[in-house]
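Working notes, structure below.
2 protein chains.
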Amino acid sequence: MPANLSLTYKKLLERNKSFALLGSAEAIVNWDMETMMPPKAINLRSEQLALLSEIHHKMSTAPVTGKLLNSMLKHREYESLSEVEKRNVHLMKKNYDEQTKLPSKLVTAIAKQQAISINTWKKAKAQKNFALFKPELEKLVALNKQAADILMKVKQTKTPYDALIDIYEPKMSSQTITKVFVELQQGLEDLLKKIESQKQPDVTILQQPVAAEKQKEIAKLLMQTLGYETPPSPTAGGRLDETEHPFTTGYYDDVRITTHYHTDNFASSVFSVLHETGHALYEQGLPQEWKYRPVGSGCSMGIHESQSRLYENIIGRSREFWTTVFPQMKNSANPSLANLDQEKFLRAVNAVKPSKIRIEADEVTYNLHIIIRFQIENDLFAGKIKVDELPQVWNQKYKDTLGMKIENDSEGVMQDTHWASGLYGYFPTYALGNIYTGQIINSLTKQEPTWRGELETGNLTPVREWLAANVYRYGNLYDPADLVKKATGTPMTVKPYLVYLEEKCGSLYGF
Amino acid sequence: MPANLSLTYKKLLERNKSFALLGSAEAIVNWDMETMMPPKAINLRSEQLALLSEIHHKMSTAPVTGKLLNSMLKHREYESLSEVEKRNVHLMKKNYDEQTKLPSKLVTAIAKQQAISINTWKKAKAQKNFALFKPELEKLVALNKQAADILMKVKQTKTPYDALIDIYEPKMSSQTITKVFVELQQGLEDLLKKIESQKQPDVTILQQPVAAEKQKEIAKLLMQTLGYETPPSPTAGGRLDETEHPFTTGYYDDVRITTHYHTDNFASSVFSVLHETGHALYEQGLPQEWKYRPVGSGCSMGIHESQSRLYENIIGRSREFWTTVFPQMKNSANPSLANLDQEKFLRAVNAVKPSKIRIEADEVTYNLHIIIRFQIENDLFAGKIKVDELPQVWNQKYKDTLGMKIENDSEGVMQDTHWASGLYGYFPTYALGNIYTGQIINSLTKQEPTWRGELETGNLTPVREWLAANVYRYGNLYDPADLVKKATGTPMTVKPYLVYLEEKCGSLYGF
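Chains A and B supply the protein sequences, listed in that same order.
Each residue of the first sequence is one higher than the last, beginning at 672 in the working numbering.
Each residue of the second sequence is one higher than the last, beginning at 672 in the working numbering.
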């Protein structure tokens, strides 16, 4: 790199390091709010977080970043940069554009309306009253539509909705998603028919009481099995705490997970710990030499979700995984699960049955919940449906797709926080993540055919090493479609995921 | 206030709010490092903290603050401001001057040398090798002397050392301290002679093993008795966690304490919890209407220390306190302390015996450790002694004052972190805090003569209310000397503290 270009590049990386450090410090303060903070501090904390966010915004929208980026991109030797260097510049440019191309008036209006909408959504959900939520949701959607119109031009996407999707799943389009979701839905519906004709497993065996302390012991076992270290290990870069809703947060050497212990549903913490550990291992496994650089981050929400669902579902609901871990789990929970049968447990945690609530859905029907939300968002931002039609559209789709009769909007269109929080274009990444897991497992099996056998002995090294070598190592070097191709050798395809589901459900349900 | 003055004032308060919010957010991140952080994150954390501190420094030294302050102070109607308003401006000015009047080169040099000195001190202390520490300490003292020379002019103090003391105990001078310390030392030495002629209590009864879990129960009892709320109380504004060295940190509605549980020394956590709770109650008790304002902070290190030592020593080592709390403590620790005798416990925790290590010293001789440090600092910054003479001066003073023979510099001049950390002028505040407690108790007894009787029944309300009405309510409205006068009706005087010690020791040792 020529000296002046190199200097500009270095300055950009220094700025990015500050963003990463400040962002990860904010994450700690947020984590503290969810886990440790004395309740009296809530107002103080929201003021602290608002200030940090304001400082962060000022830093990341400072015109100097724009100038540095422009001078890099226009430099006649820019093309001589390496792939990694160009990607770093590209990611900083993308972030800078997303933060600066919207008028600050609009950004403020969205932030304010978001706060109002979330608040109103909570009340409306408690009262089962969509009419209360509707006017606030209308305003928030309208503001986000304005933003999407602007971002569409900046990002040169085909539709405004695509510009929103691009925030979470870069370069993914609603057209592509529609296509793969049609295939996914068809496959899932065929599979569902086969399952519904079989005898259902007894899921009540999962309701036997297990004290939180015992569930903590199980969680330790699972984290240890997956290779996620927590204190008092002197080399720990993670930790597990309790929150209302499980999440993962952190950066590189400090990535923390949380779970919730329901004493009448120990499986809930089992699978949330596996899920969050999947997220955490990805963040911890990013290349150390890319720390503080734009490429030193997860690729997309979809890829992130593939990592969590791989450990939660593909590994965590497999017969092989429980071969070694089930007796260990019984031991950890002793004597709570003494009478639990391994085979019955396996069938119960893999039970497939349509339901109304997304976050309680099984591995198969979960995707149908997502497809419904994607279709609605797509039509909403294309102006084909209006906010006040949402309940009726929602209920019709739940009837047609899942055969569920929605009794009220709290178990229907108001069940999720996403739309109240302004997260449009986010939902599809959950199902994309599932699709990616199919391709990953396919590829892993081809390259490491013994992995399932090793898993049976409690050895996750082949899985871990494959993920490190084929997913983690690329950080944010590629957009998700390219990463999937790089990691698995094929472009995005639904088939392997459907094959995986078909095989597993077939073996458990007996078809 | 005239409109333009009022606007300037408002702007200053807004800036101060940002400083307070950022400072308290930094405190959370620091607290997390000491209590929760996975060990792998140490480097990441120091970079996060360095960035936050850089942002804070930039914010608080921004020239706009200086301009606003100048325009306030030069305004012809400045004198029409209220006492509180003027104090807010004064405190911002003091802070701004302390942050900006030193050349940034010197500030950076001190920060760097501090890091080196701490690091070297740790090694040298482990190796009992002062020669290793000496060159780094020399550089740090020289740099701080430079800073003190500049600050002396800014603050118009009589000596450079006074300018350093003023950072921790505003407007306190080495001349005043020398005077009160002479009186204090004389009184303590007289008292020590009386004590040494008596039979010593058996302190080995405090070494009986108490598991950390039991000590946690005792800590809960103590915090509850003092009125310090922790989760799961829904109104909690505090919490207790474990660290190597106990400390208090936080702001208003989120003030946290820590302790350490030594299984062979349960009294250590008992008194550290009482001590830190005293600090925490002060911070939590500052006037809510002054939150985010300069006056909404503790007055000085000495006053802060008076609050912690009041609860640790005056209350916490009193016969009255343990009348109700001792059986409750036994109950909390059951069956660990079943055989502990209340009277023997009281005598053991009040045992007075000269020792080498400050942080292990008893209530009486502790002050002599401080007096030695103050005398040395005073001579060091007056150029009367040099860094390489420190061990010899130290050892001589320990022999003369405490009758202790120092065997090596790790139990001598290198025992504390303060000098390695650049905290010169800080030590005297510990003993000043003790002196203030004497006056406070004197005044409390005059105004609420029944407080000791109430304490016997476990009722700390009279103490709490008196402190709220006479100390907490003034926040940082006065310099410590003025606050002491306001709170107790008399200027700083050593007598009440000596009388208190004499009475207590006399009653326990029987003279």
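Beta carbons are placed, not taken as given, at the ideal position from N, Cα and C, and that holds for glycine.
Just so we're clear, the structure is a prediction, and the values are computed from it rather than from any experiment.
Min CB distance K891(A) to chain B below 8 Å: No, K891(A) lies away from the interface with chain B (no Cβ there is under 8 Å from its Cβ).
Closest residue to M1075(A) among Y982(A), L1039(A) and K1057(A) (Cα-Cα distance): Here the closest residue by C-alpha is L1039(A).
N714(A), buried or exposed, once every other Cβ within 10 Å from all chains shown has been counted against 16: exposed
Where the beta strand (DSSP E) containing D654(A) begins and where it ends: Residue 654(A) lies beyond the stretch modelled for chain A, which goes from 672 to 1182, so this question has no answer here.
Supposed close pair L1148(B), V755(B) - CB separation, criterion 8 Å: 6 Å
Counted within 10 angstroms of its Cβ, other Cβ atoms place L678(B) as buried (16 or more) or exposed: By the neighbour-count definition (other C-beta atoms within 10 Å, threshold 16), L678(B) is an exposed residue.
Simplified DSSP state of T830(A), which is helix, strand or coil: coil
Proximity below 8 Å, CB of E1041(B) to CB of P1099(B): This sequence places Ile at residue 1041(B); Glu is not what is there. A contact, by the Cβ cut-off of 8 Å.
Closest Cα partner of L863(A) within the set K1166(A), N1130(A), D1033(A) and G1146(A): D1033(A)
Secondary structure of E913(A), DSSP reduced to three states: Three-state result, E913(A): strand.
Candidates S989(A), P958(A), I789(A) and P806(A): closest to G1177(A) by CA position: S989(A)
Exposure label - N815(A); buried when at least 16 CB within 10 Å: buried
Pair within 8 Å by beta-carbon distance, E913(B) and T929(B): yes
Contact check, L877(A) vs M894(A), beta carbons under 8 Å: Between L877(A) and M894(A), the gap from beta carbon to beta carbon reaches 8 Å or more.
Presumed contact (8 Å Cβ cut-off) between A813(B) and L835(B), rounded CB distance: Not really, about 14 Å apart at Cβ, beyond 8 Å.
The region 997-1013 of chain B contacting the region 874-889 of chain B, beta-carbon criterion three pairs below 8 Å: Contact holds: three or more Cβ-Cβ distances are below 8 Å.
Spatial distance of L683(A) from L740(A) (CA atoms): 8 Å
Closest Cα partner of I668(A) within the set L808(A), V1084(A), K799(A) and I1030(A): Outside the displayed span of chain A (672 to 1182) sits residue 668(A), for which this structure offers no information.
Cβ neighbours of S1092(B) in the same chain (closer than 7 Å, five flanking residues each side left out): Q785 and I789
Beta carbon of H950(B) nearer than 8 Å to that of S940(B): no
contact_flag[the region 1116-1136 of chain B, the region 1077-1084 of chain B] where n(CB pairs < 8 Å) is 3 or more: Judged by Cβ distances under 8 Å, the region 1116-1136 of chain B makes no contact with the region 1077-1084 of chain B, as fewer than three pairs qualify.
Where D833(B) falls, given that 16 or more other Cβ within 10 Å makes a residue buried: Its Cβ being crowded by 16 or more others within 10 Å, D833(B) is buried.
Cβ separation of Y963(B) and A696(B), assumed to be a contact under 8 Å, to the nearest whole Å: With 8 Å as the limit, Y963(B) and A696(B) do not qualify as a contact, their Cβ atoms being about 13 Å apart.
Touch test, the region 965-985 of chain A against the region 774-784 of chain A, Cβ-Cβ under 8 Å, three pairs minimum: no
Cβ contact check for the region 1112-1125 of chain A and the region 846-866 of chain A: 3 or more pairs under 8 Å: no
8 Å Cβ cutoff met for P958(B) and G969(B): no
Euclidean distance between Cα positions of Y1145(B) and H728(A): Distance between the alpha carbons of Y1145(B) and H728(A): 37 Å.
G909(A): contacting residues in chain B (beta-carbon distance under 9 Å): P709 and K711
Minimum Cβ-Cβ distance from T1128(A) to chain B less than 8 Å: no
Sequence-distant residues of its chain with Cβ nearer than 7 Å to D935(B) (five each side left out): Q878 and P880
Element boundaries [alpha helix (DSSP H), containing G956(A)]: F937 to G956
Reduced DSSP secondary structure (H/G/I, E/B, other) of G973(A): It is helical.
Beta-carbon neighbours of T914(A), restricted to chain B and to distances below 7 Å: Correct list: empty, because the minimum Cβ distance to chain B is about 13 Å.
Within 8 Å, strictly: CB atoms of K711(A) and A890(B): no
Own chain partners of F801(A) with C-beta closer than 7 Å, once the 5 adjacent residues on each side are dropped: A795, P1062, D1080, V1084 and M1085
A818(B) at chain A interface by Cβ criterion, 8 Å: no
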